[in-house]
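Protein sequence lines correspond, in order, to chains A and B. So the first sequence is numbered by numbering that gives the first Met the number 0: it starts at 0 and just counts up by one. So the second sequence is numbered by numbering that gives the first Met the number 0: it starts at 0 and just counts up by one.
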Amino acid sequence: MRPVTMTGAVRRPLLVLASVVLVALLVVVQHPSLAVDSQLAAGALTVFNRTSAAFEKPASNLTPEEIARHDVGDPLFERSHIPLATHQDAGLGPLFNANSCVACHVRNGRGAPVPGVSLVRVALQEAGGTTPVPDWEWQVQDHAIFGHQPEATMDLTWHEEPQASDEPPLQKVHVGLIRPNGEAVADSEMNRSLRTAPPLIGLGLLEAVPDQAILSHADPDDQDGDGISGRAVVLRDEHGQQTLGRFGWKAGTATVQEQTAEAYLNDMGLTTAADPETNRTAEGQPADITQDELTAVTFYSQSLGAPAAKRRGQDPLVSKGSALFGDLHCATCHVPSHETSTDPNAVVAAIRSQTIWPYTDLLVHDMGSGLDDGVAEHGYTSSAEWRTAPLWGLGLTHRVNGKAGYLHDGRARTVDEAIRWHGGEAEGAKENYLALAPRDRQSLLDWLQGL
Amino acid sequence: MTELRPFVSKASLALTAGLLVVGCAQKPPADPAQDATPSEVSRTFVEDLVLPSYTALAEESHGLKEALQALANEPTEEHLAAARQQWSEARPLWEVTESWAFGPAETEGLDGDLDDWPVSVLELEQAFATDPFTADTFSQLGTTSIGFHGIEFVLYGDDNAWPTAADLTPQQTSYLALAGDAFHDTADKLLNSWTGTNGFGATLTSNPEGTVLEMIQGAIGTLEEVHLEKLGAVLEEGPEDLESRFSGTTNTDIMFNVSGAQSVFEDTGLKQLLAAKDADLAQQLSDALAMSVSAAEAMPSMLSQRLDDPAVRQSMEAAIEATESAFNLMTQALEALDSF
Chain A
0 MRPVTMTGAV RRPLLVLASV VLVALLVVVQ HPSLAVDSQL AAGALTVFNR
50 TSAAFEKPAS NLTPEEIARH DVGDPLFERS HIPLATHQDA GLGPLFNANS
100 CVACHVRNGR GAPVPGVSLV RVALQEAGGT TPVPDWEWQV QDHAIFGHQP
150 EATMDLTWHE EPQASDEPPL QKVHVGLIRP NGEAVADSEM NRSLRTAPPL
200 IGLGLLEAVP DQAILSHADP DDQDGDGISG RAVVLRDEHG QQTLGRFGWK
250 AGTATVQEQT AEAYLNDMGL TTAADPETNR TAEGQPADIT QDELTAVTFY
300 SQSLGAPAAK RRGQDPLVSK GSALFGDLHC ATCHVPSHET STDPNAVVAA
350 IRSQTIWPYT DLLVHDMGSG LDDGVAEHGY TSSAEWRTAP LWGLGLTHRV
400 NGKAGYLHDG RARTVDEAIR WHGGEAEGAK ENYLALAPRD RQSLLDWLQG
450 L
Chain B
0 MTELRPFVSK ASLALTAGLL VVGCAQKPPA DPAQDATPSE VSRTFVEDLV
50 LPSYTALAEE SHGLKEALQA LANEPTEEHL AAARQQWSEA RPLWEVTESW
100 AFGPAETEGL DGDLDDWPVS VLELEQAFAT DPFTADTFSQ LGTTSIGFHG
150 IEFVLYGDDN AWPTAADLTP QQTSYLALAG DAFHDTADKL LNSWTGTNGF
200 GATLTSNPEG TVLEMIQGAI GTLEEVHLEK LGAVLEEGPE DLESRFSGTT
250 NTDIMFNVSG AQSVFEDTGL KQLLAAKDAD LAQQLSDALA MSVSAAEAMP
300 SMLSQRLDDP AVRQSMEAAI EATESAFNLM TQALEALDSF
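Below is the structure:
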């Protein structure tokens, strides 16, 4: 049975009542479980679809105008870009990783760890991976338009590592880089980190979590002594104001628009406007992606929902799984729920004041040597620090893309493997997981598959 | 045998015979009216609809490859006409599969290799300026320069100025031979990815209830793309985005897109499965899909040259209206059969 959402019986009285306070009271009185049912992963924006298209669905409860805007951005997100002759290097490239957003964000889900749909971040080995590679900067562009040569192509070699005790082996990848002349880049020359595309769901909601809510979970000096610190990535926006990093594997960008513009530039070789009025780049060239197009694609991403969990919050499996999740201290970093802000300027009206269940604190944590990729791009994080990955939609990963893997480089073939890769601040939680009775471990994994 | 609707409605097309032969080779499916269980519906979908369709595409792509090779070997008018004919026969066999492009076609990038759009005209022009055009030259081209539309661009030319065989340069004919090879390889990969005990087809039949929802969702995706993008956006923004505009066959693309969605519903037992829950909705959806196919069939070819003709625009608007209606009803069907 589909839980009652604000689309039906509840929404109609809302139109009659003028007072927001009264409305809120009415919702709580009529449906006391609404605000806390973890099945409604994205609150009123939850998408009731668990097919392979679940991540492509616009959020529920968009207004007709918002749906129209979403539909404008959708084909732009899917659009294949091509090189153009209008000016030097116009259009795609000349160097790039993919020719469209969806090439890597296949069906808006996790990408597969294979060449052509993933990319490689690099850094010199000195100074903890905080020094970019001359000419290449932080990212290898492994494709080029005709007449140009890519910086390098990737040669991925997977191997299994036996584990102590009776645990199944974990797999790891060696990222080879081959220059256009056929020479391999020596391992000692630079660190390299394979990066797959993360799922796109619920980005507008994550953007609407108040800074203070994120900071309330931070404990950079581990003052409570639980071994888990959690650090907010502090960035500067274009006006020099401090903002919190929320997006990307290492929380290196603060907003969906910034993330979108960076992906256009670094992944597709497409410029966006430095001056929205003139649609020109800082160099004075016409931007490949107009401000309107950037805004439309950003809005498309912000107005995607997140799928309903498979089971109601009261389901015994949910009770047991979520309790184990807390007991093991997984929930210390994968913070189950947040309240979105009341900002009247929210990009989507329904985003305001929602209880959402993304299972992340949006902080970065030291995940230990096993996940240390040697690349601390831009120096915002150390090379072992990663943003706590949101877990909503986790159980649909392989339905959306059967070739996808978990963790930044897709090394984990299963959620179990992903958990067993945890270390550093998550070492204790992992040990707790390994110590679980088989039946409890399965209960936890079954619950996670229902997210 | 299960009839693949587009091949029934366009029985006069030469391609019909090839697919029907493939279809006949399959085990006769159970009568869907008698046996509409998720298990039977998903099995019928995979074995009697998807696999025959990809088999037919792979076979036709072999014909296309040979025709393009013949044209490269001997660029005569006869060979050019034969290559165009092969292209136009292969094209519907791909377009009809749009509703089951979920799975390997998308997740393994095969859709992009076969059918990326728009064509990178600049890249092709630069490549054709190199001499000789070799396999290495071809390997430097992106997906927007190969596949159906790269081949179409060379065979039919831009701006509806179809080239003669004498117009084709050695670079272009070399390209066509290489593009035909690559196309055939990809079509084979697509078929193989669905086939066998480890294939995607087996994955689907092992999860019948989930597959029924995937089938509906696939059809929803097609109907949405047709009414919003393939037709809707073109009416607003002009002919540049009209897929298959070089050959003037956008209308055929759309007819087969919609026919594929119709086959998912009518030829697998899905209609009966839905009727057991909501007979009225099943009938409305059946009618809406039939209207969508009729509306698509009523659109003329060469749409890109006819967008200023009110009658043509009206035919496109009718197709948009019909497919949008079918989209809405198919969305209701998903909700009716979903377990939420």
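Positions of the beta carbon are idealized from the N, C-alpha and C atoms, including for glycine. Bear in mind the structure is a predicted one, so any value in this text is a computation, not a measurement.
From the options, residue whose alpha carbon lies closest to that of residue i
{"i": "G175/A", "options": "V119/A, L205/A, P198/A", "result": "V119/A"}
{"i": "I177/A", "options": "D154/A, S340/A, L393/A, G449/A", "result": "D154/A"}
{"i": "G156/B", "options": "L336/B, T54/B, F245/B", "result": "F245/B"}
{"i": "I350/A", "options": "G110/A, L193/A, E338/A", "result": "E338/A"}
{"i": "Q313/A", "options": "H407/A, A322/A, P306/A", "result": "A322/A"}
{"i": "L154/B", "options": "T251/B, D187/B, S87/B", "result": "S87/B"}
{"i": "N60/A", "options": "L44/A, P74/A, N48/A", "result": "L44/A"}
{"i": "S300/A", "options": "A262/A, L214/A, L234/A", "result": "A262/A"}
Residues near residue i by beta carbon distance below 6 Å, same chain, minus five either side
{"i": "E384/A", "result": "V363, D365"}
{"i": "K429/A", "result": "H421"}
{"i": "D218/A", "result": "S228, G229"}
C-alpha gap between residue i and residue j, whole angstroms
{"i": "E39/B", "j": "A126/B", "result": "50 Å"}
{"i": "E303/B", "j": "T129/A", "result": "Reading the sequence as shown, one finds Ser at residue 303/B and not Glu. Their Cα atoms are separated by approximately 53 Å."}
{"i": "T196/B", "j": "L190/B", "result": "13 Å"}
{"i": "L169/A", "j": "E159/A", "result": "6 Å"}
{"i": "D70/A", "j": "F326/B", "result": "15 Å"}
{"i": "A58/A", "j": "E122/B", "result": "38 Å"}
{"i": "G110/A", "j": "A102/A", "result": "9 Å"}
{"i": "R106/A", "j": "E76/B", "result": "43 Å"}
{"i": "G141/B", "j": "V233/B", "result": "25 Å"}
{"i": "F339/B", "j": "Q38/A", "result": "11 Å"}
{"i": "F324/A", "j": "H216/A", "result": "17 Å"}
{"i": "L227/B", "j": "R78/A", "result": "14 Å"}
{"i": "Y405/A", "j": "P306/A", "result": "18 Å"}
{"i": "Y432/A", "j": "I200/A", "result": "27 Å"}
{"i": "A71/B", "j": "D135/B", "result": "17 Å"}
{"i": "P437/A", "j": "I227/A", "result": "26 Å"}
{"i": "S60/B", "j": "A281/A", "result": "47 Å"}
{"i": "S302/A", "j": "L205/A", "result": "11 Å"}
{"i": "A375/A", "j": "T85/A", "result": "37 Å"}
{"i": "T36/B", "j": "G268/B", "result": "8 Å"}
{"i": "T254/A", "j": "F76/A", "result": "17 Å"}
Beta carbon proximity, residue i to chain B, threshold 7 Å
{"i": "S302/A", "result": "no"}
{"i": "L444/A", "result": "no"}
{"i": "I81/A", "result": "yes"}
{"i": "P74/A", "result": "yes"}
{"i": "N400/A", "result": "yes"}
{"i": "N98/A", "result": "yes"}
{"i": "V172/A", "result": "no"}
{"i": "F95/A", "result": "no"}
{"i": "F298/A", "result": "no"}
{"i": "G146/A", "result": "yes"}
{"i": "A196/A", "result": "no"}
is_contact[residue i, chain A] using C-beta, thresh 7 Å
{"i": "G141/B", "result": "yes"}
{"i": "A126/B", "result": "yes"}
{"i": "L212/B", "result": "yes"}
{"i": "F245/B", "result": "no"}
{"i": "Q216/B", "result": "yes"}
{"i": "F137/B", "result": "no"}
Other residues of its chain near residue i: CB distance less than 7 Å, five sequence neighbours each side excluded
{"i": "V20/B", "result": "Its pLDDT being 36, under 50, V20/B is placed unreliably in this model, and the value from its coordinates should be taken loosely. Excluding sequence neighbours, V20/B sits near nothing in its chain."}
{"i": "V49/B", "result": "W99, W193, G200"}
{"i": "A181/B", "result": "I145"}
{"i": "E334/B", "result": "none"}
{"i": "Q331/B", "result": "L280"}
{"i": "A260/A", "result": "T271, L293"}
{"i": "P491/A", "result": "One cannot answer for residue 491/A here, as it falls past the ends of chain A, which runs 0 to 450."}
Q.
Counting only Cβ-Cβ distances shorter than 8 Å, please list the residues of the region 222 to 236 of chain B near chain A, keeping chain order.
A. L227, E228, A232
(Q) Please identify, using Cβ separations under 9 Å, the residues of the region 107 to 122 of chain B that lie next to chain A, in order along the chain. (A) E107, G108, G111, D115, W116, P117, V118, S119, V120, L121, E122
**Q.** Cβ-based contacts, 7 Å cut-off: residues of the region 39 to 69 of chain A near chain B
**A.** F47, T50, S51, A52
Q.
At a CB distance below 8 Å, what residues from the region 78 to 100 of chain B approach chain A? Give them in sequence order.
A. none
Q. Going along the region 172 to 189 of chain B in order, which residues come within less than 7 Å of chain A, judged by CB to CB distance?
A. none
Q) Listed from N- to C-terminal order along the chain, which residues in the region 105 to 138 of chain A have their beta-carbon within a distance smaller than 8 Å of any beta-carbon of chain B? A) V105, R106, A111, G115, V116
Q | the region 39 to 50 of chain B: positions lying closer than 7 Å to chain A by Cβ | A | none
(Q) Output needed in chain order: residues of the region 293 to 324 of chain B with a Cβ under 8 Å from some Cβ in chain D. (A) Within the model displayed, chain D is absent; protein chains A and B are what it includes.
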